[in-house]
Amino acid sequence: MCGIVGYIGPRQASDVLIGGLARLEYRGYDSAGIAILSSAGLDVVRRLGKLVNLSNAVSESPVPGTLGIGHTRWATHGRPSEENAHPHIDCTGRIAVVHNGIIENYLEMREELSATGHILRSETDTETIAHLVEAYYDGDLAAAVSRAIKRLDGSYALGVVHLDHPDVLVAARKDSPLIIGIGEGENVVASDIPAVLEYTREVLVLHDGEVAIVTADGVRVRTLEGADVSDPEMMHVEWDLAAAEKGGYDDFMLKEIFEQPKAIRETLRGRMCNGEIQLSELDMKPEQVAGIDRVFIIACGTSYHAGIVAKTLIEQWARIPVEVQVSSEFRYADPIVDDDTLVVAITQSGETADTLAGVREARERGAKVIAITNVVGSRVTRESDGVIYTHAGPEIGVAATKTFTAQIAALYVLALKLAQAKGTVQQERIEHLWSELSRIPDLVATILEDIDGLRECADEYIGARSSLFLGRGIGVPIAMEGALKLKEISYIHAEAYPAGEMKHGPIALITEEVPVVVVATQGHTYEKVVSNIQEVRARGAQVIAVATHGDEEIRRHAEHVLYIPATTESLSAIPATIPLQLLAYYIAKARGCNVDQPRNLAKSVTVE
Ligand code: G6P
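Residue numbers (my numbering): 492 to 1099.
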């Protein structure tokens, strides 16, 4: 959601800003703008819609200058429009500000600023920051920014420039990510790593309450009180630009689907040693683990579905009751959580506002919180007691794919660890499950080698307006994830239901026009699922079944069968996901949809 890029150095800033914003496009936005500072003045160019509108405007009327800030805005306060697009400027037109986050007391600030003669021209909360900096400015830009942000409630990542300071960019943050790529004779401020990778892999991670004074030659970090921070956090980015590019695939989403064997393998690497599941991140003595009497999982979107998979596994293997709740509900539900509860927060981005709020709530109630995330150094990693990383590499497609299956892999490890510590599964079985788990990356690779049938199947359903996804047991969250993928990238309505519950409502929707996708892999409820298939077919439905290799019988019950290799029932969640991701992908592509940036969605949802 929203992207920030700032540049100072020898290059033309507009090129760096627009190039950097393009690498953040995946985060979702509806307008874009840049402000460039030069001896000629402060030029602001903003456009509604995609970045190409901004870049065309800049090509037609270039804005020279080597210092600038840029932004892609996902509207919160005020509709998407050119007036509301960032950067925002003060009354004098000498200060420009870009901002990610939300200023909660902006109405109060607007009134105060208007009463003292400031003219605000947009509907945004951000514009108040430009005017506050103007009000506090007395020659020291960083001090004015510090004073301004002390007045703000809410979250922000900021980039600020002032015409009086043609060699300085001021950046600050609270509850919204901001990093500074440290180059040679140039520095790039950004809200996410892909925007700086063209210039450097050395990154300064700004913390809450820190203000950075960025010049071409260096960065000084201060506290809001003006004290120097002598040891700001530095990080070397392990992946390079190639990892953040499409690498020959049509879209990031397809590339990321194909990267799943590697993502799962990397996530499982090193987790078994001499028969012991390795999970030092839990940082608990065996007796403490044995004392866990409840697990609470909080997450949003796709990560929530990984949480439901985990519920089945942890309850089955470790015999600990597990509750799974969407983060936005958890926080306000007065949850029953105490110091014997393990809370697991799953978030690929590590920045989802609702999940972060849930983490704080859980810790306040005394629970130990373990985060599962894909982003090193993200906010959830600072706020939790322990972190299990998924090693999926950067995920650019808005709709999560490889981070989902990597999350499930990490959750398999957690569930096995709990079972081993509690002694609820015999060692021999643990080792058998582990060897089966280690095969999963290869099974996924096998599915990805043979997808022609899947494309043909997808072609038949591109005209559908509505669809139903069914499953039982571990197939329920997989059906939910399949439905979410289809609706978010193809805009076909998709609803998921436990197959046995379908006759209590959704069956009324069944017609020949409503395809029904059924997770019908081998397992203890297989026969029941087949009966449910017969119920929908009797009402004219076309059935697409995800089934296990060797199951020829299922062909009699379904128009299309998408086969996956056989594995233990509880480990089938990952392979069963793959055909559903691809089905959604090919249907969306055939409908001409932008699969990487579906409308209205954002990769990292930093507002509640
Ligand atoms: C957004 C993304 C989804 C993601 C969800 C939760 O809605 O579009 O793909 O599943 O956020 O994100 P998180 O980073 O917390 O996993």
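Just so it is clear, CB atoms sit at the ideal spot from N, CA and C, and this is done for glycine as well.
Residue 533 and residue 549 have their C-alpha atoms spaced approximately 14 Å apart.
The C-beta separation of residue 1035 from residue 1051 comes to about 5 Å, placing the pair in contact by the 8 Å criterion.
The alpha helix (DSSP H) runs lying completely inside the stretch 943-980 and spanning 4 residues or more are 943-951, given in chain order. Just measuring C-alpha positions, the residue of 829, 884, 844, 865 sitting nearest residue 857 is 829. Residue 791 has its CB nearer than 7 Å to a heavy atom of the ligand G6P.
Boundaries of the beta strand (DSSP E) harbouring residue 536: 532-539, taken from the DSSP string. Counting of Cβ neighbours within 10 angstroms places residue 701 among the buried residues, the total reaching 16 or more. If you compare the alpha carbons of 890, 970, 1028 with that of residue 1089, the shortest gap goes to 890. Relative to the ligand G6P, the beta carbon of residue 1068 is positioned no closer than 7 Å to any heavy atom.
In this structure, the alpha-carbon of residue 931 lies about 31 Å from that of residue 1082. Distances from the CA of residue 944 to each of 725, 726, 704, 1073 were compared; the closest alpha carbon is that of 1073. Under the three-state reduction of DSSP output, residue 1026 falls in the helix class. Annotated three-state conformation of residue 1085 is coil, per DSSP. One Cα belongs to residue 846, the other to residue 683, and the distance between them is close to 19 Å. Leaving aside the five residues that flank residue 1063 on each side, the residues in its chain whose CB is nearer than 6 Å to its CB run, in chain order, 1012. For residue 1043 and residue 887, the gap between their C-alpha atoms comes out near 38 Å.
For residue 920, the enclosing alpha helix (DSSP H) has its first and last residue at 918-940. The beta carbons of residue 644 and residue 595 sit about 4 Å from each other, so the pair counts as a contact at 8 Å.
Ranked by Cα distance from residue 634, the options 963, 714, 616 are led by 714.
Contact check for residue 703 against residue 648 fails: the beta carbons are separated by 8 Å or more. Note on residue 827: under 16 other CB atoms within 10 angstroms of its CB, so exposed under the neighbour-count rule. Contact between the stretch 500-518 and the stretch 677-694 is present: 3 or more CB-CB pairs across the two stretches fall below 8 Å. Here residue 750 is buried, its C-beta having at least 16 other C-beta atoms within 10 Å. A Cβ-Cβ distance of about 4 Å is found for the pair residue 834 and residue 853, placing them in contact under the 8 Å criterion. The alpha-carbon separation between residue 518 and residue 1079 amounts to approximately 19 Å. When the Cα atoms are used, residue 1092 and residue 914 turn out to be separated by approximately 43 Å. If you draw a straight line from the Cα of residue 809 to the Cα of residue 788, it is about 15 Å long. The residue among 839, 855, 838 with its C-alpha nearest the C-alpha of residue 825 is 855. Rounded to the nearest angstrom, the gap between the Cα atoms of residue 622 and residue 779 is 53 Å. Residue 1032 and residue 686 have their C-alpha atoms some 47 Å from each other.
Shown here, residue 647 sits in a strand according to DSSP, grouped into three states.
Here the C-alpha atom of residue 733 lies approximately 36 Å from the C-alpha atom of residue 530.
Secondary-structure assignment with DSSP links residue 610 through no beta bridge to anything. Approximately 18 Å separates the beta-carbon atoms of residue 584 and residue 504; this is outside 8 Å, ruling out the contact.
Residue 1029 has its alpha-carbon roughly 44 Å from the corresponding atom of residue 865. When only Cα atoms are considered, residue 909 and residue 801 end up about 12 Å apart.
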